[in-house]
Amino acid sequence: MLVQPMVEADSTAVDTDPVSRLLQQAALWLTPKVVEHYDAADFGTWPQEQQDQLRLTVEEFRTLASQVPGDKPATVEQLTGGTTRLQRLIEALGGMIRAEWLDAIHQIESQAEGWANKDGWRTRRVAKKMSESLLGKYEAPQLLIYAEPNLYVLDPVARFVLGAQGSFDLAIQPSYYTTSVYRGDDGQWYTHLDAGKDVSGGQRVPWNEKAFLAGIQQLETLV
Amino acid sequence: MNDSRESWIAAVAREYLAAVAAADLLHENLQANPNYGTSHGWAARDGEAFRENLQATYIIRICAEFEASLRSYWLDYLGQTTQPGMYDLVNHAIPNQSSSQDVVDNADKVRRFRNFLVHDDTDEYVGPCTVQEARSYLCRYISRLDAAWR
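Residue numbers (this note's numbering), protein chains in the order written: chain A, 34 to 256; chain B, 308 to 457.
Spelled out as structure tokens, the structure:
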């Protein structure tokens, strides 16, 4: 959100720099819309002190952002104050998102583990060190699946990925052939089948036992 | 992995280390003999400029390998026919749910630093970036692309 917007044109004859500069000074993120969906009730399980701190920061951000005129760039004071408060919000919410993401990882891996065990495949979890700028450093389990004679890894990639709300690689070792398991914006988990060696293509199907087994089988044909 | 796209970038990064060692030797020679390069058509200040610009030179080279790789992926592997700018390729056109936002952001940081070096555009300055950081960020980005292409 804090990344400065850039403008590119197909033609080199078009000077995009002035437009880029205008957009960068506009601080498009410094708007009350950023916190418009905040509802204190969503955080009712947090310790009272943290709830109060979050509410205060949201109110400060909202007040500050509403003072920025829609047709003029933000002042240096507004930018600095807005950045500080937005960082505070990110830090506060990061802990909650990380806990939810770790829970989702455990759920997906437990499902895969159960399906694998039904077929007599042994499984093991190993800790993976992860780091995301919005979540900090954390450890998450990878699930190793020994589907003789092959070894597969269900490997959490990140909570913040492009076009999804968290993703895993499902890969056959020691190749790098992979399919993707990811959570869509609707909160449902999906995987790609019939992807061949191209993870970008393939067919999106809901994540379930049938899809898991099909993914395992399809990866095996690639090695 | 020897012929992988990542290895092309890693090879340039290793070449940079060799160049740093060579530049240090050159610097020592120039201190002992400031006319060392005269017979080859260059002066002592050119040798020092070479040493000072080494990191920028190699970051630009690494970025050239990266751009060539992404364009090959886009045109030859994905079969696209358009010519997006590097900003769009790095940030939107190529990455999918397999790429973490951090991986994309870090690759874009290198792209912007390269633009700062080439165009002297201070709007693109995103803080210092070393050759080894550029190698790491760009190789990590490429490692998230399809295995069949790599």
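For each residue, glycine too, the CB sits at the ideal point set by N, CA and C.
Per DSSP, cross-strand counterpart(s) of A/D202: Note: A/D202 sits in a beta bridge opposite A/D188 and A/S213.
What does a CB cutoff of less than 6 Å around A/Q251 pick up in its chain, not counting 5 residues either side in sequence? Nothing meets the Cβ criterion.
Contact criterion: CB-CB distance below 9 Å. Does A/A197 meet it with respect to chain B? For A/A197, the answer is yes, since a Cβ of chain B falls inside 9 Å of its Cβ.
Inter-residue CB distance, B/Q408 and A/F193 (contact presumed, cutoff 8 Å): 4 Å between Cβ atoms; contact.
Do you know offhand how far A/V67's Cα is from B/D415's? Between A/V67 and B/D415, the C-alpha separation is close to 24 Å.
Using only the alpha-carbon positions, how far apart do B/T388 and B/A351 sit? Rounded to whole angstroms, the separation of the alpha carbons of B/A351 and B/T388 is 48 Å.
What residues match up with A/Q86 in a beta bridge as DSSP calls it? Beta-bridge pairing links A/Q86 to no other residue.
Touching by the beta-carbon criterion (3+ pairs, under 8 Å), the segment 435-446 of chain B and the segment 316-329 of chain B: Yes, since at least three Cβ pairs between the segment 435-446 of chain B and the segment 316-329 of chain B fall closer than 8 Å, the two stretches touch.
For A/S164, report the span of its beta strand (DSSP E) as first-last. Unbroken beta strand (DSSP E) run through A/S164: R155 to E165.
Taking all protein chains shown into account, do 16 or more other C-beta atoms lie within 10 angstroms of the C-beta of A/D202, making it buried, or fewer, making it exposed? By the neighbour-count definition (other C-beta atoms within 10 Å, threshold 16), A/D202 is a buried residue.
Under the three-state DSSP convention, the category A/L178 falls into: As written in the sequence, residue 178 of chain A is Ile, which differs from the Leu given in the question. A/I178 carries a strand assignment under DSSP once its states are collapsed to helix, strand and coil.
Sheet register partners of A/G169 (DSSP bridge): Residue pairing for A/G169: DSSP places it in a beta bridge opposite A/E165.
Quick one: what's got a C-beta closer than 7 Å to B/A330's C-beta in the same chain, skipping five residues either side? Contacts found: F357, R358 and L361.
Can you grab the Cα-Cα spacing for the pair A/R158 / A/A145, in whole Å? So the two alpha carbons sit approximately 12 Å from each other.
Nonlocal neighbours in the same chain, by C-beta distance under 7 Å from A/M34, ignoring five residues either side: Low confidence applies to A/M34: its pLDDT is 49, below 50, so where it sits in the model is not reliable enough to give any reading.
Do A/T254 and A/V238 have their CB atoms nearer than 9 Å? The beta carbons of A/T254 and A/V238 sit no closer together than 9 Å.
List, in order along the chain, the chain A residues whose C-beta lies closer than 8 Å to that of B/Q439? Here the premise fails: no neighbours, minimum Cβ distance about 18 Å.
By DSSP, does A/L329 sit in helix, in strand, or in coil? No information on residue 329 of chain A is available, as it lies outside the stretch 34 to 256 that chain A covers here.
For A/Y179, decide whether its Cβ has a neighbour in chain B, counting only Cβ atoms nearer than 9 Å. Using beta-carbon distances, A/Y179 does not count as an interface residue toward chain B, since no partner is under 9 Å.
Start and end of the beta strand (DSSP E) containing A/Q100? No beta strand (DSSP E) contains A/Q100, which DSSP labels as neither H nor E.
For B/V411, which residues in chain A fall below 7 Å Cβ to Cβ? The contacting residues are L195.
For A/T211, which residues in chain B fall below 9 Å Cβ to Cβ? By Cβ distance, chain B contributes S405, D453 and A454.
Determine the DSSP secondary structure at B/A317, reduced to helix, strand or coil. Of the three classes helix, strand and coil, the one that applies to B/A317 here is helix, per DSSP.
A/V190 CB to nearest chain B CB: under 9 Å? Yes, its Cβ sits closer than 9 Å to a Cβ of chain B.
DSSP-derived helix/strand/coil call for B/N360: Of the three classes helix, strand and coil, the one that applies to B/N360 here is coil, per DSSP.
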